[in-house]
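As given, the protein sequences belong to chains A and B, one line each in that order.
According to the numbering used here, the first sequence holds residues 247 to 477 in order.
According to the numbering used here, the second sequence holds residues 247 to 477 in order.
Even for Gly, the Cβ is constructed at its ideal location relative to N, Cα and C.
Protein chains: 2
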Amino acid sequence: MTPNELPPATVNFGRNYALYKGLSDAELRDLADIAKLRIRSEQQYLFTQHTTADQVFNLVTGTALVERMSSSGRRQVLAFLFPGDFVGLSNSDLREYAVKTLTEVTAYEFNQQKLRSLTETSPQLKENMKDISANVLAHALDQVFILGQKKADERICFLVMMFLQRMPGATLEHIDLPMTRQDIADYLGLTVETVSRSLAKLKRENIISTPSRHGLRVEDYDEVRRLADIE
Amino acid sequence: MTPNELPPATVNFGRNYALYKGLSDAELRDLADIAKLRIRSEQQYLFTQHTTADQVFNLVTGTALVERMSSSGRRQVLAFLFPGDFVGLSNSDLREYAVKTLTEVTAYEFNQQKLRSLTETSPQLKENMKDISANVLAHALDQVFILGQKKADERICFLVMMFLQRMPGATLEHIDLPMTRQDIADYLGLTVETVSRSLAKLKRENIISTPSRHGLRVEDYDEVRRLADIE
DNA sequence: CGATGCTTTGAATCTCGTCAAGATGTGTGG
DNA sequence: CCACACATCTTGACGAGATTCAAAGCATCG
C-alpha cells in the first residue's frame with residue numbers, strides 16, 4: 247500500500263513534527279480528517295508566486311525549497327524544507343514566494359481556513375502554529391545576519407550548520423545535498439562559481455570533504471561552527 | 247502635561263496604529279489599562295540581547311532600531327522602528343536581538359502575557375497581532391532578498407523606499423535620517439565608506455540629494471523605485 | 001574656539017562576479 | 001552495456017565592486 251492510498255483518517259502523523267507536537271489522539275484525528283496526502287515528483291511546484299492559494303503543506307518525505315523571484319528576474323532562495331517542515335501559512339492574499347520540490351515529495355495539504363478553525367478548539371495546535379511561525383522568522387533573521395555580515399566560506403559553514411540542525415538524517419559523517427550548486431548560491435547570495443571555490447577552499451583546509459558531488463562530510467566541526475558564527 | 251503624566255486609562259491610542267486598528271472603545275480601554283507609557287532618551291536600550299523579558303513595546307514618538315550582535319562581535323541592524331511600530335513579541339525565552347533608541351522615544355509597554363490574555367476576548371486584537379507578526383516576517387524576507395541580490399546603491403534605494411513606506415512624515419521632498427551612516431551600513435550589510443560613496447554616486451546621477459547630513463530628498467522617484475526592485 | 005565624533009574622499013587591497021573552457025556526472029538510445 | 005549528449009560542476013583569468021586603512025572635511029557641543 248503506497249502512501250497516497252492511505253485514507254486520511256488513519257494516517258499516522260509523526261508526533262515529533264512541529265505541527266503535531268503534544269496533540270491528543272482526538273486532535274490528531276481532527277487534523278487527519280482535513281489533511282490530504284499529496285505526492286509531487288521532483289522539480290514541481292507546490293505553489294507558485296503571485297497566486298492566490300489557501301493551502302498549507304507539511305512535508306513528510308523529500309526536500310523542497312522556498313524561492314522568490316524579483317520583477318527584474320533575480321532569484322533568492324529563502325529556505326530549504328525538510329520532512330516535518332511546514333510551509334504556506336500566510337496573511338496576505340497573494341503568495342510572496344513559491345515552493346519547489348527538489349526530490350520526490352510527499353506532503354499533507356491542509357486548507358488554511360479549516361486549519362485555523364481547528365485552533366479554536368485546540369490551544370495546543372494554536373501554540374504549535376505560533377511556534378512554527380516564530381521559527382520561520384528566527385530562520386529569516388539568521389539569514390539576514392549571514393547575508394549582511396559574512397564572507398563566502400563562512401556562509402557555506404552556516405549552511406552546513408543549518409543542515410546539521412534541521413535536516414533529518416544529517417550527521418557529521420554524511421550530509422546529503424539534494425539541491426544544485428545554483429540553489430545553494432541563490433540561498434547564500436553568491437554565484438555558483440563562488441560556492442564551488444569556497445567548497446574547494448574548505449576542503450583544502452581539511453574542514454570538510456565532499457565524498458561525492460551531492461554528499462558532504464564535516465571533518466572539523468568546531469571550525470565549521472566557529473566560521474558559521476551562530477550561537 | 248507631559249505624556250508620561252497621562253494616566254494610562256485616558257491615553258488616546260492612535261487608531262491607525264497596527265495594534266489598535268478596528269478596536270472598539272471598550273477594547274482600547276482594556277488595552278490602556280495594561281499599558282505603561284515609557285520614555286527613553288536617545289541611545290538607550292528598550293531591551294538587550296540574551297536577556298529574559300516579557301514586555302512588548304509600541305512606539306508612539308521617536309525612532310529606534312533592532313540590532314543583533316554575533317559572538318564574534320559583528321553587528322547586524324535588523325530593522326528601524328517608527329511611531330506605530332510594535333516590537334518585542336517573542337516565543338523564545340531569551341531575546342534574540344536588542345532594541346535601541348535613536349532619538350528620544352515614548353512607547354507603550356505591555357506585559358506579553360496580559361496582552362495575549364486580552365486576545366482571548368478580542369478577535370480583532372488577535373488579528374492585529376497576527377498582522378504585525380506577518381509584517382515583521384515580510385520585512386525580514388525583503389531584507390534577505392536585498393542583502394542576497396543587490397549592489398550597494400540599489401540597497402540604498404531600497405532603504406529610501408522603506409522609509410517612504412514606513413516612516414511617518416517621510417515625503418519625496420524630505421526624509422529625516424535620525425540614524426548614523428554606521429547604522430545604515432549595518433542594516434544594509436555594507437561599510438560606512440561604501441554607504442557614503444553610494445550616496446555620492448546617487449547624488450551625482452541626480453537621483454537623490456542630501457540637503458543636510460541627516461536629511462534626504464528624492465529627486466527621481468521612478469529611478470529609486472526601479473533600483474530598489476521591490477514590487 | 002578647540003575638541004570630539006561623524007562623514008566624506010582617496011589609494012591600495014581583496015573578495016566576489018563574469019566570462020570562458022574544461023572536467024565530471026547523468027541519462028538516453030542504440 | 002556502451003557511447004554519446006547534455007547538465008552540472010570546477011577551475012582559471014580578468015575585472016568590477018566592496019573593504020580596509022588613512023587622512024581630511026564638517027558638525028556639534030561644551
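Excluding the 5 residues preceding and the 5 following residue i in the sequence, name in chain order all residues of the same chain whose CB lies nearer than 6 Å to its CB.
i, result
"residue 303 of chain B", "292, 333, 334, 353 and 355"
"residue 248 of chain B", "Confidence at residue 248 of chain B is low in this model, with a pLDDT of 39, below 50, so its placement is unreliable and no value can be given for it."
"residue 286 of chain A", "347 and 351"
"residue 428 of chain A", "438"
"residue 305 of chain A", "327, 329, 331 and 353"
"residue 250 of chain A", "For residue 250 of chain A, the predicted model reports a pLDDT of 38, less than 50, meaning its position is unreliable; a value from the coordinates is still stated below. The answer, listed in chain order, is 283 and 285."
"residue 425 of chain A", "348"
"residue 253 of chain A", "Legend: pLDDT at residue 253 of chain A = 39, less than 50; position of this residue unreliable, value from coordinates given subsequently. The answer is none, since no qualifying residue turns up."
"residue 307 of chain B", "329 and 352"
According to DSSP, what are the bridge partners of residue i?
i, result
"residue 323 of chain A", "A/313"
"residue 283 of chain B", "B/354"
"residue 291 of chain B", "B/346"
"residue 464 of chain A", "A/454"
"residue 303 of chain B", "B/333 and B/355"
"residue 298 of chain B", "B/340"
"residue 421 of chain B", "B/462"
At a Cβ threshold of 9 Å, is residue i touching chain B?
i, result
"residue 422 of chain A", "no"
"residue 346 of chain A", "no"
"residue 476 of chain A", "yes"
"residue 293 of chain A", "no"
"residue 326 of chain A", "no"
"residue 376 of chain A", "yes"
"residue 310 of chain A", "no"
"residue 394 of chain A", "yes"
Taking 9 Å as the CB-CB limit, is residue i close to chain A?
i, result
"residue 322 of chain B", "yes"
"residue 382 of chain B", "yes"
"residue 461 of chain B", "no"
"residue 341 of chain B", "no"
"residue 427 of chain B", "no"
"residue 360 of chain B", "no"
"residue 433 of chain B", "yes"
"residue 404 of chain B", "no"
"residue 337 of chain B", "yes"
"residue 391 of chain B", "yes"
"residue 363 of chain B", "no"
Spatial neighbours of residue i within its chain, please: C-beta separation below 8 Å, excluding the five flanking residues on both sides.
i, result
"residue 458 of chain A", "none"
"residue 365 of chain A", "371, 372 and 375"
"residue 256 of chain B", "Confidence in residue 256 of chain B is poor, its pLDDT being 42 and thus under 50, which makes the residue's placement too unreliable to answer from."
When you compare each of the options to residue i by their alpha carbons, which one comes out closest?
i, options, result
"residue 284 of chain A", "A/277, A/350 and A/319", "A/350"
"residue 463 of chain B", "B/389, B/420 and B/322", "B/420"
"residue 411 of chain B", "B/318, B/439 and B/381", "B/381"
"residue 422 of chain B", "B/386, B/399, B/385 and B/455", "B/455"
"residue 401 of chain A", "A/275, A/470 and A/276", "A/470"
"residue 461 of chain B", "B/417, B/383 and B/451", "B/417"
"residue 367 of chain A", "A/449, A/300, A/269 and A/451", "A/269"
"residue 310 of chain A", "A/288, A/397, A/441 and A/320", "A/288"
"residue 440 of chain B", "B/397, B/450 and B/466", "B/397"
"residue 301 of chain B", "B/389, B/447 and B/361", "B/361"
"residue 263 of chain B", "B/318, B/322 and B/378", "B/378"
Near residue i, which residues of its chain fall below 7 Å by C-beta distance, leaving aside the five closest residues on each side in sequence?
i, result
"residue 339 of chain B", "298"
"residue 324 of chain B", "312, 313, 314 and 343"
"residue 449 of chain B", "455 and 456"
"residue 445 of chain B", "402 and 456"
"residue 399 of chain A", "444, 447, 448 and 473"
Taking 8 Å as the threshold, find out whether the segment 392-400 of chain B comes into contact with the segment 431-451 of chain B through three or more Cβ pairs. With the cut-off at 8 Å, the segment 392-400 of chain B and the segment 431-451 of chain B touch.
Specify whether the segment 467-476 of chain A and the segment 404-421 of chain A touch according to this definition: at least 3 beta carbon pairs, one from each stretch, less than 8 Å apart. Counting Cβ pairs under 8 Å, three or more are found: they touch.
Could you check whether the segment 287-301 of chain A touches the segment 339-351 of chain A, counting it as contact only if at least three pairs of C-beta atoms, one from each stretch, sit closer than 8 Å? Taking 8 Å as the limit for Cβ pairs, the verdict is that the segment 339-351 of chain A does touch the segment 287-301 of chain A.
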